[in-house]
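This report refers to the structure that appears directly beneath it.
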Amino acid sequence: MDDILQEFLAESWENLGQLDSEIVELEKDPQNAELIASIFRTIHTIKGTCGFLGLTNLGAVAHSAENVLGKMRERMLEVSPGAISLVLEAIDRIKELLQGLEATGEEPKTDHSTLTLMLDELANLATAPLESPPQQPPSAPVSGQVEDISVENQVEDKLLGEPSPADIADSIESEPAALTDSHPEVLAESADPLTPAAGGTEEGAVRSSKVSVADLSIRVNVNVVDSLMNLVGELVLTRNQLLQLARGDEESKYAAPITHLNRVTTDLQEGVMKTRMQPIGNAWNKLPRLVRDLSQVTNKHIELVMTGAETELDRTVLDAIKDPLTHMVRNSADHGIESSEVRKAAGKAESGTIHLNAYHEGGHVIIEIQDDGAGISRERVLKKAISQGLIKEVDAPHVTDSHVFSMIFQAGFSTAEQVSSISGRGVGMDVVRTQIEKIGGTVDLNSKMGKGTTVRIKIPLTLAIVSALVLESGSQPFAIPQLGVVELVRLSAEDCKKIETIHDKKVFRLRDRLLPLVHLNEVLQLEEDTPKDDDLQDTNIVVVQVGEDQFGLIVSRIFDTEEIVVKPVGRLLKNIGLYQGTTILGDGRVVMILDVGGIFNQCGGSSAHSQSVAEEATASSDRNTISMLLFGVRDNVTMAVPLSLVARLEEFPLESIELNGDRKVVQYRDNLLPLLSIEGAGFGGGEPVDPQPVIVFSENNRSMGLMVNEIKDIIDEQLVIRMQSDRPGVLGTAIIGKNAIDVIDTQYYVTRSTPNWFEKVEDKKSFRVLIVDDSMFFRQLVATALETEGYSVVARDSCIAAVELLEKDSRFHAVITDLDLPMMDGFEFCEWLKSQQNTQELSVIALTSANSSADHARARESGFDEFLVKFNSHELISCLDESFARLKYKTGVNA
Numbered sequence: 005m006d007d008i009l010q011e012f013l014a015e016s017w018e019n020l021g022q023l024d025s026e027i028v029e030l031e032k033d034p035q036n037a038e039l040i041a042s043i044f045r046t047i048h049t050i051k052g053t054c055g056f057l058g059l060t061n062l063g064a065v066a067h068s069a070e071n072v073l074g075k076m077r078e079r080m081l082e083v084s085p086g087a088i089s090l091v092l093e094a095i096d097r098i099k100e101l102l103q104g105l106e107a108t109g110e111e112p113k114t115d116h117s118t119l120t121l122m123l124d125e126l127a128n129l130a131t132a133p134l135e136s137p138p139q140q141p142p143s144a145p146v147s148g149q150v151e152d153i154s155v156e157n158q159v160e161d162k163l164l165g166e167p168s169p170a171d172i173a174d175s176i177e178s179e180p181a182a183l184t185d186s187h188p189e190v191l192a193e194s195a196d197p198l199t200p201a202a203g204g205t206e207e208g209a210v211r212s213s214k215v216s217v218a219d220l221s222i223r224v225n226v227n228v229v230d231s232l233m234n235l236v237g238e239l240v241l242t243r244n245q246l247l248q249l250a251r252g253d254e255e256s257k258y259a260a261p262i263t264h265l266n267r268v269t270t271d272l273q274e275g276v277m278k279t280r281m282q283p284i285g286n287a288w289n290k291l292p293r294l295v296r297d298l299s300q301v302t303n304k305h306i307e308l309v310m311t312g313a314e315t316e317l318d319r320t321v322l323d324a325i326k327d328p329l330t331h332m333v334r335n336s337a338d339h340g341i342e343s344s345e346v347r348k349a350a351g352k353a354e355s356g357t358i359h360l361n362a363y364h365e366g367g368h369v370i371i372e373i374q375d376d377g378a379g380i381s382r383e384r385v386l387k388k389a390i391s392q393g394l395i396k397e398v399d400a401p402h403v404t405d406s407h408v409f410s411m412i413f414q415a416g417f418s419t420a421e422q423v424s425s426i427s428g429r430g431v432g433m434d435v436v437r438t439q440i441e442k443i444g445g446t447v448d449l450n451s452k453m454g455k456g457t458t459v460r461i462k463i464p465l466t467l468a469i470v471s472a473l474v475l476e477s478g479s480q481p482f483a484i485p486q487l488g489v490v491e492l493v494r495l496s497a498e499d500c501k502k503i504e505t506i507h508d509k510k511v512f513r514l515r516d517r518l519l520p521l522v523h524l525n526e527v528l529q530l531e532e533d534t535p536k537d538d539d540l541q542d543t544n545i546v547v548v549q550v551g552e553d554q555f556g557l558i559v560s561r562i563f564d565t566e567e568i569v570v571k572p573v574g575r576l577l578k579n580i581g582l583y584q585g586t587t588i589l590g591d592g593r594v595v596m597i598l599d600v601g602g603i604f605n606q607c608g609g610s611s612a613h614s615q616s617v618a619e620e621a622t623a624s625s626d627r628n629t630i631s632m633l634l635f636g637v638r639d640n641v642t643m644a645v646p647l648s649l650v651a652r653l654e655e656f657p658l659e660s661i662e663l664n665g666d667r668k669v670v671q672y673r674d675n676l677l678p679l680l681s682i683e684g685a686g687f688g689g690g691e692p693v694d695p696q697p698v699i700v701f702s703e704n705n706r707s708m709g710l711m712v713n714e715i716k717d718i719i720d721e722q723l724v725i726r727m728q729s730d731r732p733g734v735l736g737t738a739i740i741g742k743n744a745i746d747v748i749d750t751q752y753y754v755t756r757s758t759p760n761w762f763e764k765v766e767d768k769k770s771f772r773v774l775i776v777d778d779s780m781f782f783r784q785l786v787a788t789a790l791e792t793e794g795y796s797v798v799a800r801d802s803c804i805a806a807v808e809l810l811e812k813d814s815r816f817h818a819v820i821t822d823l824d825l826p827m828m829d830g831f832e833f834c835e836w837l838k839s840q841q842n843t844q845e846l847s848v849i850a851l852t853s854a855n856s857s858a859d860h861a862r863a864r865e866s867g868f869d870e871f872l873v874k875f876n877s878h879e880l881i882s883c884l885d886e887s888f889a890r891l892k893y894k895t896g897v898n899a
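Residues in the sequence shown are numbered from 5 upward in steps of one, following the working numbering.
Here it is as C-alpha cells:
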C-alpha cells in the first residue's frame with residue numbers, strides 16, 4: 005500500500021477515534037462552540053485529504069457531513085438529536101469506506117447518494133441564521149419568518165422519523181429563494197471553506213507557531229516500536245548476566261562499567277516502555293457511542309461518566325482489555341440500570357449513571373466500572389449456583405458475598421430471566437475473567453441491592469518486562485510474576501506440624517484464616533529429591549493470589565527477585581495451562597514462568613476454596629484476639645507489637661545502612677527510611693546483626709523502621725496489659741504465649757522518628773503545576789522542589805509547547821513561566837492564558853531573572869498573579885500553597 009495512503013489511514017483512524025465520544029457529548033451540550041469546531045476540523049481534514057488522493061466517494065460523504073457541521077458551527081443550524089443521528093450515520097459510512105480502502109487498497113464503489121442528499125438538504129435549510137442580527141433590517145414580513153421556522157421544524161420532525169430524501173426535498177421546495185440571497189456572506193464562506201477567517205496578529209502567530217511545534221512530532225510504525233522493545237529485552241537479559249558475573253568478583257575492574265551499564269539500561273528500558281504507553285482513554289472512545297445506542301434500544305436514560313482517561317498503560321494490555329470493558333459496560337446498561345419508571349418509583353433520578361474510572365496503584369492500573377442501578381440479588385445468584393452444583397447447599401449459609409458474586413464469572417452462568425439481543429445468555433463474563441487473568445490481572449465484583457454494582461479490574465502496567473520471584477521445585481528453577489505474590493512464609497521444622505489435612509487437602513492456619521497448600525512439584529509432576537533428614541528441614545511457602553482466592557505453593561528453595569523479559573511459550577507447550585511464558589535468567593538458564601491462575605484451576609479452583617471457607621466458618625473464632633508480632637532484642641529479651649500496626653518486615657545489609665548526621669537511614673523504595681533502635685527504651689546495644697531485621701511502620705506517605713535482633717513469631721492472643729510501665733517506649737507487660745512479654749509503645753518511636761507523624765498530610769498530587777522554562781537545569785531544579793512538596797509537576801521548554809499541551813489538556817491549577825523565552829515570550833503566553841475560557845482561572849506566576857520596574861508593570865498588565873525573582877524555593881512554594889488553599893476552599897464552597 006502506498007506510504008501516503010497508509011499515513012492517511014493511520015491519521016484518519018486516530019481522528020475518528022475521538023469523534024463518536026465528541027458528537028455524543030455535543031448532543032448533551034449543543035452550545036459548546038469548541039466541541040463543534042473540533043468535530044468540524046476532523047471531518048474537514050479527512051475531506052481535504054480525500055481530494056488530494058482522489059477518493060471521490062469518501063470525499064463526498066465527508067463533504068456533506070462537513071456542510072452540516074459548518075452550519076452548526078455558524079449557529080445557522082440547531083444541534084438536535086435528528087441532526088446528530090444523521091452525522092453519526094455519516095461517520096459510520098466513512099469508517100466503512102476506510103475499512104474497505106484499508107483491506108483492498110482501493111476505494112469501495114458503494115452508493116451513498118441517499119445519505120449525502122439528506123445531509124445536503126439539511127444543510128440547505130440552514131442558509132438563514134437562527135437569530136437575525138439586530139442591526140440588519142428584516143428582509144421579509146413577520147409572516148415570512150414564521151413560515152421559515154415552521155418549514156425547518158417540519159424537516160427536523162421528518163429527520164427524527166428517518167424520512168426519505170424525496171420527503172426532505174418536497175419539504176424545502178416552498179423555501180423562498182430570496183432567503184439565500186439575503187446572506188451572501190454565508191454562501192461565500194461555504195464556497196471556500198479553506199479560506200481562513202480574519203483574526204488578530206497574535207492569534208495568527210500562535211496558529212503558525214503551533215504548526216511548527218506539530219512538526220516536531222513523528223509517527224512511528226508499531227512494528228518498529230515492538231522491534232525496539234525486543235532489542236531492549238535482549239539488552240536487559242545481557243545486563244542481568246553481567247550483573248551476575250559482577251556479584252562474584254566485587255574487586256573486578258569491570259564492576260564500575262557494569263554498574264554504569266545497569267543504570268543506562270534501566271533508563272533506556274523506561275524510555276522505550278514510555279513509547280509503548282498509551283492513555284486508557286483510547287480504549288474508551290467507542291463507549292459513549294455504545295451507551296447512547298443502548299439507551300435508544302432499551303428506552304433507558306443512561307449517562308456515562310469517564311474519569312482518569314489520561315491513565316497510561318502498555319499498548320498490548322490496552323488492546324487486551326478493550327473487549328472486556330465493552331462487555332461490562334453493555335452489561336451495566338442492560339442488566340444494571342433500571343427503566344426510568346422503576347428508578348422514579350424507587351426514589352432515584354430518572355437518568356442512570358455508569359461511572360468508568362481508572363487510576364494507578366503501585367505497579368498496576370485499577371479500572372472500576374460502577375453503576376447506580378438495581379444491583380445483583382445475592383439470593384438469586386446463590387440459588388442458581390446451587391442448582392448448577394457450583395456450591396453445596398449445606399455450605400450456602402457460610403459462603404461470603406464476594407464468593408457468591410464470583411459465580412457470575414463461571415461459564416454459562418446467568419440470572420437473567422429472559423435473553424435479549426444485548427446479553428443474558430451467560431456467555432461473556434467468563435470470557436472477561438479469562439482475558440483479564442491471561443494478562444496477569446484480576447477482576448472482582450461487588451454489589452448491593454438497590455444501590456448498584458461495581459466491577460474492579462486490576463491489571464499490570466506492562467507485560468514485556470516484569471519483576472519476578474525465582475524459586476526452585478523438583479530441582480528445576482521457575483519464575484512467578486511478583487504481581488501475583490502476596491507474601492513468603494518459612495515454617496521451621498517444628499512449625500511444620502501445624503500443617504493440617506482437611507478433605508484430603510493440606511491447609512495451614514495463617515493469621516486466623518485457612519490457607520490451602522499445594523506442592524508445586526506434584527502439580528508439575530516433578531520428582532523432589534527428599535533429604536534423609538527431611539523432618540528437620542524448613543518448609544518454604546509462596547502465598548499467591550488469584551482473584552479473591554489465596555493459596556500457598558510449597559517449594560524447595562526461594563532465590564531472589566529479578567527483572568525478566570517475558571518470551572512467549574513455545575508451540576508444543578502452548579496448550580499446557582500451567583505456564584504463561586519463558587525467560588532467561590542472569591546466569592543463562594532458561595526457566596518457565598508459572599501461571600498461578602492455571603495452577604489454581606488445576607488444583608480444583610473455587611470448589612477447594614468453598615470447602616476451606618465452610619471449614620473455616622465452622623471453626624471457633626469468637627475470641628476477641630489480635631495477632632502479635634514477637635521480636636527479640638539484646639540478651640534474648642522478647643518484646644511484642646500488634647501486627648496490625650506493622651506495614652512490612654525487612655532485612656537490610658549493614659553496609660546499606662548510612663549515617664545522616666546523628667541518625668541512621670537506609671535507601672528504601674525510592675526514598676529514605678529513618679531507622680531507630682530499641683536502645684531508646686533503655687536497652688543497651690549489643691553485637692550488630694547482619695542482615696539487620698527491621699520492622700517498618702507506615703502511615704500515609706510517612707515511614708520509619710525499628711531495628712531489632714530477630715523476628716521470632718506471630719501469635720494470636722487477647723491483648724490485656726497486666727502491668728503498666730513507666731519506661732519510655734514500653735506500654736506495659738502482657739501474657740502472650742504463656743510468657744510475660746513487654747509490648748512496645750509504637751507512638752513513642754514514630755514520633756521520635758518524625759515529630760509531625762500524626763499531623764494531617766495535605767494530598768497535593770491533585771494540584772497540577774506547569775513549568776515553562778528553556779533551561780533544562782532550571783526546569784529540573786524547580787520540578788524537584790515542587791515534587792518534594794507533593795505537587796504534580798509537568799514541564800515544557802517553550803511557551804509554544806505549553807500552548808500545545810494546554811489545548812489538549814487544560815486540567816492544570818498553576819503555571820510557572822520565565823519571561824524571556826524564544827518564539828513566544830512569557831508576557832504573550834500569560835495574555836493567551838487569560839484570554840482562553842479553559843485557562844483564564846489558572847494562577848500564573850512569573851519566575852524570572854529580570855527584576856526591573858518595567859518588567860513588573862508589564863507583568864501586571866499581562867495578567868500575572870505573582871512576580872518572583874529566581875530562585876527562592878520557599879517563596880515559590882508559599883505562593884503555590886496559597887493557591888492550593890484557595891482551590892480547596894472554592895471546591896468546598898461549590899460542593
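Here a beta-carbon is modelled for each residue, glycine too, at the ideal position from N, C-alpha and C.
**OP:** Look at the alpha carbon of F635 and the alpha carbon of A651, and state the distance between them as a whole number of angstroms.
**Re:** 15 angstroms
Subject >> Residue environment, K352, which counts as buried when at least 16 other CB atoms sit within 10 Å >> reply: buried
**OP:** Indicate whether the contact test is met: 3 or more Cβ pairs, each with one atom in the segment 704-718 and one in the segment 729-739, closer than 8 angstroms.
**Re:** no
Original post:
How long is the line joining the alpha carbons of K668 and L679, rounded to whole angstroms?
Top reply: 5 angstroms
Original post:
The alpha helix (DSSP H) with V226 in it runs from where to where?
Top reply: V226 to R251
Original post:
Are the segment 308-326 and the segment 273-282 touching by the rule of at least three beta carbon pairs closer than 8 angstroms?
Top reply: yes
Subject >> Distance CB(V527)-CB(L519) smaller than 9 angstroms >> reply: no
**OP:** Starting from the Cα of K290, find the closest Cα among R673, Y753, S25 and T49 and give me that residue.
**Re:** S25
Subject >> Cβ pair E835, G867 closer than 9 angstroms >> reply: yes
**OP:** Keeping to the same chain, check which residues put their C-beta closer than 6 angstroms to that of Q374; ignore five residues upstream and five downstream.
**Re:** H359 and T458
**OP:** Just tell me which of Q22, L9 and L13 has its CA closest to the CA of K812.
**Re:** Q22
**OP:** Would you mind listing the beta strand (DSSP E) stretches within the segment 689-756 that are 3+ residues and don't spill past its ends, in chain order?
**Re:** 696-703, 706-711, 714-721, 725-728, 734-740 and 743-748
Original post:
Opposite F512 in the DSSP bridges: which residues?
Top reply: L519
Original post:
Quick one, which of P328, N286 and D323 has its alpha-carbon nearest T311's?
Top reply: N286
Subject >> Reduced DSSP category for L308 - H, G, I as helix; E, B as strand; rest coil >> reply: strand
Original post:
Is the CB-CB distance between V595 and T587 below 9 angstroms?
Top reply: yes
Subject >> The alpha helix (DSSP H) enclosing L809, as first and last residue numbers >> reply: C803 to K812
Original post:
For V403, does the three-state DSSP call read helix, strand or coil?
Top reply: coil
Original post:
Leaving out five residues before and five after E354 in sequence, what residues of the same chain have Cβ atoms less than 7 angstroms from its Cβ?
Top reply: H305, S344, R347 and K348
Original post:
Which term fits V550, buried or exposed, when burial requires 16 or more other beta carbons within 10 angstroms of its beta carbon?
Top reply: buried
Original post:
In three-state terms, what does DSSP make of K352?
Top reply: coil
**OP:** Kindly indicate which three-state DSSP category L524 falls into: helix, strand or coil?
**Re:** helix
**OP:** Determine the DSSP secondary structure at V28, reduced to helix, strand or coil.
**Re:** helix
Original post:
Between K442, V65 and A350, which lies nearest to G921 when the distance is taken from Cα to Cα?
Top reply: With the chain covering only 5 through 899, there is no way to say anything about residue 921.
Subject >> Check whether G104 and E93 have beta carbons under 9 angstroms apart >> reply: no
Subject >> Where I481 falls: helix, strand or coil (DSSP) >> reply: Strictly speaking, residue 481 in this sequence is Pro, with Ile absent from that position. P481 falls in the strand class under three-state DSSP.
Original post:
Among all the DSSP beta bridges, which residues are the ones paired with S299?
Top reply: Partner(s): none; S299 has no beta bridge.
Original post:
Taking just the CA atoms, how far does Q414 sit from L329?
Top reply: 18 angstroms
Subject >> Inter-residue Cα distance where the pair is L465 and N704 >> reply: 23 angstroms
Subject >> For T120, the first and last residue of its enclosing alpha helix (DSSP H) >> reply: S117 to N128
**OP:** Could you tell me the distance, in whole angstroms, from the CA atom of N361 to the CA atom of E274?
**Re:** 25 angstroms
Original post:
If we ignore side chains and look at the alpha-carbon of each, how far apart do I748 and G709 end up?
Top reply: 14 angstroms
Original post:
At a cut of 8 angstroms, does the segment 382-397 reach the segment 334-342 through at least three beta carbon pairs?
Top reply: no
**OP:** Report the rounded CA-to-CA distance for I484 versus K571, giving the unit in angstroms.
**Re:** 14 angstroms
Original post:
When the distance is taken between beta carbons, is I412 closer than 9 angstroms to G449?
Top reply: It should be noted that the sequence gives Leu, not Gly, for residue 449. Yes, the Cβ-Cβ distance between L449 and I412 is below 9 angstroms.
Subject >> Pick from I597, D591, R593 and Y583 that is closest to N605, judged by C-alpha positions >> reply: Y583
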